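Residue numbers (our numbering): 217 to 361.
Ideal placement from N, C-alpha and C gives every residue a C-beta, glycine not left out.
Here the structure is a predicted model, which means the values were calculated and not measured.
Worksheet for the structure shown next.
Right, dumping it as structure tokens:
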């Protein structure tokens with residue numbers, strides 16, 4: 217019996233286009249994952265330095281691909297009262313999580329990690345779609361002529 221005959225073959229086409237809402241959710245979930253890794257590394261006392269590929273022109277004028285460290289800005293900071301505040305950003309805009317509220321106050325590094333993991337689930341679930349759309353519209357308006 218041939219190898220192909222043992223397999224279950226189907227006619228299928230891969231869906232390439234995601235809806236804009238799904239793309240925004242994925243983008244924000246990926247950024248939250250970066251913040252989660254950053255918080256975990258800070259808690260463990262290690263350096264978080266993700267890599268990315270970048271195309272540059274060398275001295276000979278050739279375009280080459282080099283691996284560089286990606287800059288990740290923290291979304292969280294410590295207040296003078298030793299509380300940790302966490303804001304969620306979409307691009308360069310801070311999301312408004314509730315009317316007039318743009319940050320989450322936390323007590324410890326462990327709470328920060330738990331909250332980031334929960335936020336990631338909330339974003340994938342679609343609970344922040346309206347806030348993401350508002351931030352996206354503001355970003356897009358900045359590019360209008």
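Simplified DSSP assignment, three categories, for residue 314: Strand at residue 314.
Within 8 Å, strictly: CB atoms of residue 328 and residue 255: yes
Beta-ladder partner(s) of residue 283, from DSSP: 269
Inter-residue Cα distance where the pair is residue 290 and residue 243: 16 Å
Which of helix, strand or coil DSSP assigns to residue 298: coil
CB contact check: residue 312 to chain D, cutoff 8 Å: Included in the structure is just one protein chain, with no chain D present.
Rounded Cβ spacing between residue 251 and residue 332 (contact assumed at less than 8 Å): 6 Å
Proximity of residue 335 and residue 319 at Cβ, strictly below 8 Å: no
Beta bridge counterpart(s) of residue 305 as assigned by DSSP: Paired residue(s): 310.
Own chain partners of residue 326 with C-beta closer than 8 Å, once the 5 adjacent residues on each side are dropped: Once the five neighbours on either side are set aside, the close Cβ partners of residue 326 are 259.
Alpha carbon of residue 358 to alpha carbon of residue 347, nearest angstrom: 17 Å
Secondary structure of residue 249, DSSP reduced to three states: helix
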